[in-house]
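J.: Once you've had a glance at the structure underneath, I'll fire off some questions.
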Amino acid sequence: MKRIFVYFGLFLSVIATGCESNKEKKEEEQTFKVTSPLIQDTTVTEAFVCQIRSINHIELRAQERGYLQKSFVDEGQLVKKGQLLFQIMPNLYEAELQKAQAEVNFAQIEYKNAASLAGRNIVAPAELSMAKAKLDKAKAEAALANVHLQFTEIRAPFDGIIGRFRVRLGSLLDEGELLTELSDNSNMWVYYNVSEAQYLDYKKNVQQGNKTQVQLRLANNEVFPHTGIVETIESDFNNETGNIAFRATFPNPNGLLRHGETGNILMTIPLKNAMLIPQKTTFEILDKKYVYVVDKDGKIRSREVSIAAELPHIYVVQNGLSKDDKILLEGLRLVKENEKIHFQFKQPLAVISHLELYAE
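Anchor point for the sequence shown: position 155 equals 154 in numbering that gives the first Met the number 0, and the numbering is continuous, going up by one each time.
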């Protein structure tokens, strides 16, 4: 019987030792890592939907009425300045020019006769003046007829690419009727809209006179190989959207960009004294982001934060935290509101540097 009590005592001792070991292990597992926000200058890349436009994009229209007689180019063809593109049937305008030139010849004869007679005082000086005016009028009408004839030839006003034909050969054209478009794609203008807050941040952080470089992400998610420069900002905000338009100019040496394309402008914006926290320190409830803050008593408190920008593995906090707050770094699912925890503080610079190294 005594032996049984000895064994039972040993058994209780083993159980007690095991419970104490589990308790110590649990206490070790409840030591959480915390950190603070890191305050430092950084940059953030914002993406803006954009519209791509040719610097020179015009409509080519008929300047005279008539039948479209000839087309010397094709759709999508690269043309040079002054190159003949279309011809409207010129017969009527050639006849008008010949008639006007005949009127000039007749007026010249009358003027010479009047000058001869005036020199001999046979006619009054007023007759000579009238003959001179009639000659000038005939010359002006001949010049006008020549202009009308020249308008039957539609030539390229600059180097560019021909667009889609709006009419076909043999069509009867009215004055002003659209023939096609011409685009100079050597350089491109890219327009994108920026909110008022983003505009103010841009003006605050970009020095006067500096040209901001931007990149262009195309519709296939590839980045255009050439860098653009922000050159102009419109004069006023759109009252309906609250946005203001920026314009960047991109070189287009290979002609990849075309008028009417869309994409996304990638603009790097410098941020002074930005507050950075790891993304993994946040959790989301009803589309709002929260962090766990450890108060002076070591208790967990949830706090809503407003995110100004997003970097790889990092959030830029707009408001909701101060630089001295201690935020839970890991184990967000293992704690509860108002729970007191044991924690180990990690320097924010080391934490952020580790995240950036991981991102690379």
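We put the beta carbon where it would ideally sit given N, CA and C, even for glycine.
Taking only runs of the beta strand (DSSP E) that begin and end inside the stretch 40-65, which ones reach a length of at least 3 residues, in chain order?
T.: Counting only runs of 3 or more, we get nothing.
J.: When burial is assigned at 16 or more other CB atoms within 10 Å of the CB, is R167 buried or exposed?
T.: It is exposed - the Cβ of R167 has fewer than 16 other Cβ atoms within 10 Å.
J.: Could you name the residues of the same chain whose beta carbon sits closer than 7 Å to that of G319, not counting the 5 residues immediately before and after it, in chain order?
T.: So the qualifying residues of the chain are R302, E303, V304, S305.
J.: Just reading off the beta strand (DSSP E) that V222 is part of, what are its end residues?
T.: Neither: V222 is in no beta strand (DSSP E) and is coded neither H nor E.
J.: Roughly how many angstroms separate the alpha carbons of G175 and K203, rounded to a whole number?
T.: So the two alpha carbons sit approximately 48 Å from each other.
J.: When you compare each of I276, Y198, A155, F249 to L181 by their alpha carbons, which one comes out closest?
T.: Taking only the C-alpha atoms, the option nearest L181 is A155.
J.: Ignoring anything shorter than 3 residues or poking outside the stretch 267-297, list the beta strand (DSSP E) runs there in chain order.
T.: With a minimum length of 3 residues, the continuous beta strand (DSSP E) runs that stay inside the stretch 267-297 are 281-284, 287-293.
J.: Expressed to the nearest angstrom, what Euclidean distance is found between the alpha-carbon atoms of D173 and A94?
T.: One C-alpha to the other measures close to 19 Å.
J.: Could you name the residues of the same chain whose beta carbon sits closer than 7 Å to that of E23, not counting the 5 residues immediately before and after it, in chain order?
T.: With a pLDDT of only 49 at E23, under the threshold of 50, the placement of this residue in the model should not be trusted; the figure read from the coordinates follows. No residues qualify anywhere along the chain.
J.: So, L96 versus N55, is the Cβ gap smaller than 7 Å?
T.: The answer is no: Cβ separation not under 7 Å.
J.: Going along the chain, which residues of its own chain have a beta-carbon closer than 7 Å to the beta-carbon of P89, five neighbours each way excluded?
T.: Taken in chain order, the residues that qualify are L148, T151.
J.: Here's the rule I'm using: 16 or more other beta-carbon atoms within 10 Å means buried, otherwise exposed. How should V48 be labelled?
T.: By the neighbour-count rule (16 or more Cβ atoms within 10 Å), V48 is not buried but exposed.
J.: So what does DSSP say about P89, is it helix, strand or coil?
T.: Residue state, collapsed to three classes: coil.
J.: Express the C-alpha separation of P277 and V350 in angstroms, rounding to a whole number.
T.: C-alpha separation (whole angstroms): 8 Å.
J.: Give me the DSSP bridge partner(s) of N318.
T.: Looking at the DSSP assignment, N318 forms a beta bridge with S305.
J.: Have a look at the DSSP bridge pairing and note the partners of K325.
T.: Answer is V293.
J.: Check whether the stretch 246-258 touches the stretch 277-296, counting contact only when three or more Cβ pairs, one atom from each stretch, lie closer than 8 Å.
T.: Cβ pair count under 8 Å is below three, so no.
J.: Can you look up L118 in the DSSP assignment and give me helix, strand or coil?
T.: The amino acid occupying residue 118 in the given sequence is Gly; Leu does not appear at that position. Looking at G118 - three-state DSSP - the assignment turns out to be helix.
J.: Measuring only the C-alpha atoms, how far is T179 from F85?
T.: Answer to the nearest angstrom: the Cα atoms are 10 Å apart.
J.: Given that a residue counts as buried once 16 or more other Cβ atoms are within 10 Å of its Cβ, and exposed if not, what is E26?
T.: The pLDDT assigned to E26 is 48, lower than 50, so where the model puts this residue is not dependable, and the model offers no usable value.
J.: Candidates I264, Y198, N251: which alpha carbon is nearest N220's?
T.: Here the closest residue by C-alpha is I264.
J.: Spatial neighbours of T16 within its chain, please: C-beta separation below 6 Å, excluding the five flanking residues on both sides.
T.: The predicted position of T16 is uncertain, since its pLDDT is 49 and thus under 50; a value taken from the coordinates is nonetheless stated next. Nothing listed; no residue qualifies.
J.: Could you tell me the boundaries of the beta strand (DSSP E) in which Q343 lies?
T.: Segment 341-344, the beta strand (DSSP E) holding Q343.
J.: Between M274 and E45, is the Cβ-Cβ spacing less than 7 Å?
T.: Result no, Cβ atoms of M274 and E45 do not sit closer than 7 Å.
J.: Pop quiz: I284 and V334 are said to be a contact at Cβ under 8 Å. What is the actual Cβ separation, rounded to whole angstroms?
T.: The pair is not a contact, with the Cβ atoms about 15 Å apart (cut-off 8 Å).
J.: I need the straight-line Cα distance from H312 to D158, nearest angstrom please.
T.: Looking at the two C-alpha atoms, the distance is approximately 48 Å.
J.: Once you ignore the five residues that flank S352 on each side, which residues in its own chain have a CB closer than 8 Å to its CB?
T.: Same-chain partners within the cutoff: there are none.
J.: State the Cα-Cα distance for the pair D135 and A101, rounded to the nearest angstrom.
T.: Rounded to whole angstroms, D135 to A101 spans 13 Å at the Cα level.
J.: Could you name the residues of the same chain whose beta carbon sits closer than 6 Å to that of A308, not counting the 5 residues immediately before and after it, in chain order?
T.: Cβ within range, chain order: V43, V315.
J.: What are the boundary residues of the beta strand (DSSP E) that L181 is part of?
T.: Start and end: 177-194.
J.: Quick check: the stretch 110-119 against the stretch 72-79, are there 3 or more CB pairs under 8 Å?
T.: Taking 8 Å as the limit for Cβ pairs, the verdict is that the stretch 72-79 does not touch the stretch 110-119.
J.: How is L168 classed by DSSP in three states: helix, strand or coil?
T.: The answer is coil: DSSP assigns L168 none of H, G, I, E or B.
J.: Starting from K32, trace the beta strand (DSSP E) in both directions and tell me its first and last residue.
T.: Looking at the DSSP string, the run of the beta strand (DSSP E) that includes K32 is 30-34.
J.: Could you check how far apart the C-beta atoms of K271 and V33 are, in whole angstroms? I think they sit under 8 Å.
T.: So it is not a contact: roughly 26 Å between Cβ atoms.
J.: Could you check whether I228 and K210 sit closer than 7 Å to each other, using their CB atoms as the reference points?
T.: Closer than 7 Å, so yes.
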